[in-house]
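In my numbering, the protein residues as written are 200 to 481. From the three backbone atoms N, C-alpha and C, an ideal C-beta is built for every residue, glycine too. Keep in mind the model is a prediction, meaning the values are calculated, not measured.
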């Protein structure tokens, strides 16, 4: 295995098409301002290195990136890659991951608008992400212990399982399909609109107008706070501990069970009250 250590590299395509190599303690920065340092590489490990230039990892296969910093200037860091593992890295450039497959992220601290777009086969553990628009059109996702601060999160995602996480986000899971969120907190407005087969288990849900226009929506042993005008036009089967602030016009054959419901709005022009079942402890 070739070893490249303790170099400062700033030229265009500095390590282009590198194969079967280890890069350790290198700095990708300098006045030449070159792009695409490790483009078209295969079977490489990059560790303890600093990236301050654009597009470093494009079209890579079988890459391990460990204990590295990718700065705000390191935009579009990983695109069109396959079988990528990132461990204990800082990622602060915009559009950090796009159209990649078979991705593992562990111990990552990321602050990146448009983080993880159109990626498939994602495994995330013990990670913190700040992103305005993360996980757009991603699929086949497994997440455990994620702290997310975002806005338009998980839109159009398919086949995802999220566990033991805290999601601070609005407009999350819009148009998503086959998503399960378990033992997590989901804070934000307009959760899950237009989703299909969204399943929330033992979750705390906060924010206005959640879970409207959903198909196949299931809540099991969840808690809600500040959730008004919930479930409008949704096909829902829900068990909620404590109070739901209000529900409005759920779809026929919906069943909603809660300790208390502050207001039940069933308008005959928009729903059929005889086909909706609501249970409370009151």
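Discussion item. Would residue 340 and residue 362 qualify as a contact pair, given that the criterion is a beta-carbon distance under 8 Å?
Written reply: Taking the chain shown and counting its residues from 1, one reaches residue 340 at position 141. Taking the chain shown and counting its residues from 1, one reaches residue 362 at position 163. Contact flag unset, no.
Worksheet item: Just the Cα atoms here: how many angstroms apart are residue 263 and residue 202?
Response: By one-based count along the chain shown, residue 263 stands at place 64. By one-based count along the chain shown, residue 202 stands at place 3. One Cα belongs to residue 263, the other to residue 202, and the distance between them is close to 14 Å.
Worksheet item: In chain order, what residues of the same chain have a beta carbon less than 8 Å from the beta carbon of residue 459, not counting five sequence neighbours either side?
Response: Residue 459 sits at position 260 when you count from the first residue of the chain shown. Only 441, 442, 443, 479, 480 and 481 meet the Cβ criterion.
Practice prompt. Rank 265, 385 and 319 by C-alpha distance to the C-alpha of residue 308 and give the top, closest one.
Written response: Here residue 308 refers to the residue found at position 109 when the chain shown is read from its first residue. Considering only alpha carbons, the answer is 265.
Discussion item. Tell me the DSSP secondary structure of residue 484 in three-state form.
Written reply: The displayed coordinates of the chain run from 200 to 481. Any statement about residue 484 would go beyond what the structure contains.
Worksheet entry | Best match in 260, 252 and 222 for proximity to residue 239 [C-alpha to C-alpha] | The count along the chain shown starts at 1 and reaches residue 239 at position 40. Selected option, being the one with the closest Cα: 260.
Practice prompt. Assign residue 435 to buried or exposed, taking buried as 16 or more other Cβ atoms, counted over all protein chains shown, within 10 Å of its Cβ.
Written response: Translated into the one-based positions of the chain shown, residue 435 becomes position 236. Buried, because 16 or more other Cβ atoms sit within 10 Å of the Cβ of residue 435.
Worksheet item: So which of 398, 422, 206 and 286 has the shortest CA-CA distance to residue 414?
Response: For the purposes of this step, residue 414 is identified with residue 215 of the chain shown, where counting begins at 1. Comparing Cα-Cα distances from residue 414 to each of 398, 422, 206 and 286, the minimum goes to 398.
Worksheet item: Is the Cβ-Cβ distance between residue 257 and residue 284 less than 8 Å?
Response: Within the chain shown, residue 257 is the residue found at index 58, counting from 1. Within the chain shown, residue 284 is the residue found at index 85, counting from 1. Not a contact, by the Cβ cut-off of 8 Å.
Fill in: Residue nearest to residue 223 in terms of C-alpha spacing, selected from 213, 334 and 249
On the chain shown, position 24 is the one that residue 223 refers to. Closest option to residue 223, Cα to Cα, is 249.
Fill in: Nonlocal neighbours in the same chain, by C-beta distance under 6 Å from residue 462, ignoring five residues either side
Your numbering for residue 462 matches position 263 in the chain shown. The answer, listed in chain order, is 445.
Worksheet entry | Run of the beta strand (DSSP E) containing residue 348, from where it starts to where it stops | Translated into the one-based positions of the chain shown, residue 348 becomes position 149. That run of the beta strand (DSSP E) goes 338 to 351.
Worksheet item: Taking the alpha-carbon positions, what's the residue 292 to residue 271 distance?
Response: Locating residue 292 in the chain shown gives position 93, where the first residue counts as 1. Locating residue 271 in the chain shown gives position 72, where the first residue counts as 1. Taking the straight line joining both Cα atoms gives about 4 Å.
Item to complete: Kindly list the residues whose CB is nearer than 7 Å to the CB of residue 314, restricted to its own chain and excluding five residues on each side of it in sequence; keep chain order.
Response: Here residue 314 corresponds to residue number 115 of the chain shown, with the count starting at 1. So the qualifying residues of the chain are 295, 296, 328, 330 and 333.
Item to complete: Just list the beta strand (DSSP E) runs in the stretch 427 to 460, keeping only unbroken ones of 3 residues or longer that don't cross its boundaries, in chain order.
Response: 435 to 447
Discussion item. By the three-class DSSP mapping on this structure, what secondary structure does residue 386 have?
Written reply: Translated into the one-based positions of the chain shown, residue 386 becomes position 187. Three-state DSSP puts residue 386 in a strand.
Item to complete: Return helix, strand or coil for residue 308, following the three-state DSSP convention.
Response: Indexing the chain shown from 1 puts residue 308 at position 109. Strand at residue 308.
Discussion item. I need the DSSP call for residue 368, collapsed to helix, strand or coil.
Written reply: In the chain shown, residue 368 corresponds to position 169, counting from 1. Residue 368: strand per DSSP, three-state reduction.
Worksheet item: Are the beta-carbon atoms of residue 367 and residue 379 separated by less than 8 Å?
Response: Here residue 367 refers to the residue found at position 168 when the chain shown is read from its first residue. Here residue 379 refers to the residue found at position 180 when the chain shown is read from its first residue. No, they are not a contact pair.
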